[in-house]
């Protein structure tokens, strides 16, 4: 006499395993969505505080001067822009996304420097043609010397897509982690070639005055002005100096800094944080057109 009892048990175990995997996937998405809501709420609260401060100032007997008002509203605009893009990007989490809980820590620990992400907005992810209509995620970029990596976030630690200069499209969190945590020291020749390439890209005569550069940055990085004061003839802070100096942070990532100073109609000086190169940090002075 035969029985199908073992077969029935195997079927039940398989079904339980599938349900368990499904429940774990849904729980993962729930955690990603909760972290996303926390991140967006933090940005919204910061924006609310700035609006409240601006409201109080408008009703005070000594409101801030016009330039100060421009600085404040510029920061608010940058914060609102970041909030909007993050909210849109975080809304597309799926069970198939790459979950990478330590992505931010690993990027910082392994010398990756944030790139301004305005140029990344609207960039089509490197995805199969069957998914071309699916623009999920909030695009962010980093570089380490000549290497770069772009990530499309659907949550603070969840990725829809990833693309790197060395390996192209990355399809799982382990591959993304391997690229970010890799230590690929540049040879002396490769480092010199990269430095020469960047120098060549920025050796055009810089004929824009400080006023023009400031106006250009205010229109594009208005939310990132963190310093606006006087300086001496070398760009050092000086309350009664002959020049003007400003320091800007990328509105979406305050770690990226740009410093500008100039005197009258003379060509302005621009410096930016170029990031780690061969495990050494360099502050590079660049020149280029600002028209």
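Numbering (my numbering), first residue to last: 1153 to 1443.
We treat Cβ as the ideally placed atom computed from N, Cα and C, and that holds for glycine.
Terminal residues of the alpha helix (DSSP H) in which residue i lies
{"i": "residue 1320", "result": "Counting along the chain, residue 1320 falls outside any alpha helix (DSSP H), though it belongs to the beta strand (DSSP E) covering 1320-1322."}
{"i": "residue 1415", "result": "Note, residue 1415: premise wrong, no alpha helix (DSSP H); not H, not E."}
{"i": "residue 1327", "result": "1325-1333"}
{"i": "residue 1261", "result": "1255-1261"}
8 Å Cβ cutoff met for residue i and residue j
{"i": "residue 1400", "j": "residue 1369", "result": "yes"}
{"i": "residue 1192", "j": "residue 1252", "result": "no"}
{"i": "residue 1315", "j": "residue 1278", "result": "yes"}
{"i": "residue 1476", "j": "residue 1324", "result": "Only positions 1153 to 1443 of the chain appear in the structure, and residue 1476 is not among them; the question remains open."}
{"i": "residue 1211", "j": "residue 1235", "result": "no"}
{"i": "residue 1381", "j": "residue 1389", "result": "yes"}
{"i": "residue 1290", "j": "residue 1367", "result": "no"}
{"i": "residue 1321", "j": "residue 1293", "result": "no"}
{"i": "residue 1295", "j": "residue 1333", "result": "no"}
{"i": "residue 1420", "j": "residue 1371", "result": "no"}
{"i": "residue 1249", "j": "residue 1312", "result": "yes"}
{"i": "residue 1181", "j": "residue 1246", "result": "yes"}
{"i": "residue 1220", "j": "residue 1377", "result": "no"}
{"i": "residue 1206", "j": "residue 1218", "result": "no"}
For residue j and residue i, the rounded distance between their alpha carbons
{"i": "residue 1257", "j": "residue 1202", "result": "28 Å"}
{"i": "residue 1354", "j": "residue 1396", "result": "For residue 1354, the pLDDT reaches just 43, beneath the cut-off of 50, and the residue's location in the model is therefore unreliable, although a value from the coordinates is still provided. If I take the Cα positions, the gap works out to 23 Å."}
{"i": "residue 1230", "j": "residue 1179", "result": "33 Å"}
{"i": "residue 1216", "j": "residue 1204", "result": "14 Å"}
{"i": "residue 1417", "j": "residue 1411", "result": "18 Å"}
{"i": "residue 1383", "j": "residue 1392", "result": "7 Å"}
{"i": "residue 1442", "j": "residue 1330", "result": "With a pLDDT of 33 at residue 1442, under the threshold of 50, the predicted position of this residue should be treated as unreliable, and no value is reported."}
{"i": "residue 1164", "j": "residue 1171", "result": "10 Å"}
{"i": "residue 1166", "j": "residue 1233", "result": "47 Å"}
{"i": "residue 1262", "j": "residue 1303", "result": "16 Å"}
{"i": "residue 1301", "j": "residue 1228", "result": "28 Å"}
{"i": "residue 1415", "j": "residue 1222", "result": "22 Å"}
{"i": "residue 1363", "j": "residue 1398", "result": "11 Å"}
{"i": "residue 1385", "j": "residue 1190", "result": "46 Å"}
Opposing strand residues paired with residue i [DSSP bridges]
{"i": "residue 1202", "result": "Answer is none; residue 1202 lacks a bridge partner."}
{"i": "residue 1294", "result": "1266, 1301"}
{"i": "residue 1118", "result": "Since the first residue shown for the chain is 1153 and the last is 1443, residue 1118 is missing from the structure and cannot be characterised."}
{"i": "residue 1399", "result": "1379, 1411"}
{"i": "residue 1215", "result": "DSSP, once it has assigned bridges, lists no residue as partnering residue 1215."}
{"i": "residue 1307", "result": "1310"}
Endpoints, beta strand (DSSP E) assigned at residue i
{"i": "residue 1234", "result": "Note, residue 1234: premise wrong, no beta strand (DSSP E); alpha helix (DSSP H) at 1218-1242."}
{"i": "residue 1382", "result": "1377-1383"}
{"i": "residue 1314", "result": "1310-1316"}
Cβ of residue i within 8 Å of any chain D Cβ
{"i": "residue 1251", "result": "In the displayed structure, chain D is absent; only one protein chain is listed."}
Is it true that the region 1304-1324 meets the region 1241-1259, where meeting means three or more beta-carbon pairs spaced less than 8 Å apart?
yes
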